[in-house]
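Residue numbers (my numbering): 105 to 356.
Structural data, given as structure tokens:
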């Protein structure tokens with residue numbers, strides 16, 4: 105209908121705007137002169153027994169000119185922590201990314217001759233990690249999972265995307281999937297991912313993907329007081345959601 109078509113056009117325009125902003129950010133990071141190396145933070149006394157893998161969320165993965173976790177990896181390494189960063193798909197489904205993550209972790213454990221690994225996962229990376237642990241028989245390989253602003257209960261934005269007319273969804277999927285194929289994603293699928301993140305699919309997910317007693321779980325979240333902050337400004341203004349969706353930024 106007309107309302108859905110208007111929402112679809114707004115989505116396309118907002119995605120173009122986000123891509124432009126991301127390009128500006130990438131160029132800024134590329135040509136920015138480095139400041140003082142790192143903040144003076146001594147975390148060496150918290151050195152982990154096992155290696156750590158940082159698992160990125162959707163969209164922002166490690167690019168040549170932009171790193172998903174910026175200086176976090178370097179700060180940890182400088183304090184004697186053995187750290188790796190995942191290279192799973194930026195817009196892969198939860199199941200596909202979990203398979204990729206499992207392969208990466210098994211390779212790390214073999215390389216480090218370690219029995220287990222600690223996972224720190226941002227946003228959707230927390231869902232990929234939960235699925236891997238519980239559904240791919242990795243509970244004996246993971247010591248802990250820490251999720252950061254993971255949408256454990258889904259996103260209204262994903263529900264809205266799935267309600268769009270098929271022709272609009274096909275346009276969005278073509279451009280987004282093509283971009284991430286160029287960025288070396290193995291199985292990019294923005295529509296399947298959006299379906300994964302709907303609130304009703306996440307309800308099914310949480311009933312099926314149960315926490316393991318062998319793994320230590322903890323979750324952290326954040327909120328934005330200023331709704332105009334950076335990229336959050338676009339979806340907030342266009343869809344009148346409260347900081348996208350409280351469930352999107354609230355940890356489990």
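We put the CB at the ideal spot given by N, CA and C, even for glycine.
Put residue i into one of helix, strand or coil per three-state DSSP.
{"i": "residue 316", "result": "coil"}
{"i": "residue 262", "result": "helix"}
{"i": "residue 154", "result": "coil"}
{"i": "residue 198", "result": "helix"}
{"i": "residue 203", "result": "helix"}
{"i": "residue 303", "result": "helix"}
{"i": "residue 291", "result": "coil"}
{"i": "residue 209", "result": "helix"}
{"i": "residue 216", "result": "helix"}
{"i": "residue 243", "result": "coil"}
{"i": "residue 173", "result": "coil"}
Which first and last residues belong to the beta strand (DSSP E) in which residue i is found?
{"i": "residue 238", "result": "Looking at the DSSP string, residue 238 is not in any beta strand (DSSP E); the run it does join, the alpha helix (DSSP H), is 229–239."}
{"i": "residue 188", "result": "187–189"}
On a Cα-Cα basis, can you pick out the residue from the options that is closest to residue i?
{"i": "residue 240", "options": "273, 299, 261 and 209", "result": "209"}
{"i": "residue 321", "options": "263, 203, 222 and 275", "result": "222"}
{"i": "residue 165", "options": "286, 206 and 302", "result": "286"}
{"i": "residue 153", "options": "213, 176 and 200", "result": "213"}
{"i": "residue 229", "options": "174, 198, 262 and 295", "result": "198"}
{"i": "residue 247", "options": "218, 282 and 265", "result": "218"}
{"i": "residue 59", "options": "269, 294, 267 and 268", "result": "Any answer about residue 59 is impossible in this case: the structure gives the chain only from 105 up to 356."}
{"i": "residue 201", "options": "307, 244, 225 and 252", "result": "225"}
{"i": "residue 160", "options": "233, 216, 179 and 309", "result": "233"}
{"i": "residue 156", "options": "186, 290, 163 and 272", "result": "186"}
{"i": "residue 205", "options": "269, 158 and 270", "result": "158"}
{"i": "residue 245", "options": "291, 319, 178 and 305", "result": "319"}
{"i": "residue 252", "options": "179, 190, 288 and 231", "result": "231"}
{"i": "residue 162", "options": "192, 257, 266 and 188", "result": "192"}
{"i": "residue 289", "options": "276, 305 and 195", "result": "195"}
Check the DSSP bridge columns for residue i and list the partner residues they point to.
{"i": "residue 249", "result": "223 and 321"}
{"i": "residue 159", "result": "225"}
The alpha helix (DSSP H) that contains residue i, what's its start and end?
{"i": "residue 178", "result": "176–182"}
{"i": "residue 279", "result": "270–286"}
{"i": "residue 299", "result": "294–300"}
Touch test, the stretch 303–314 against the stretch 230–238, Cβ-Cβ under 8 Å, three pairs minimum: yes
Can we say the stretch 295–304 touches the stretch 255–263, given the rule of at least three CB pairs closer than 8 Å? yes
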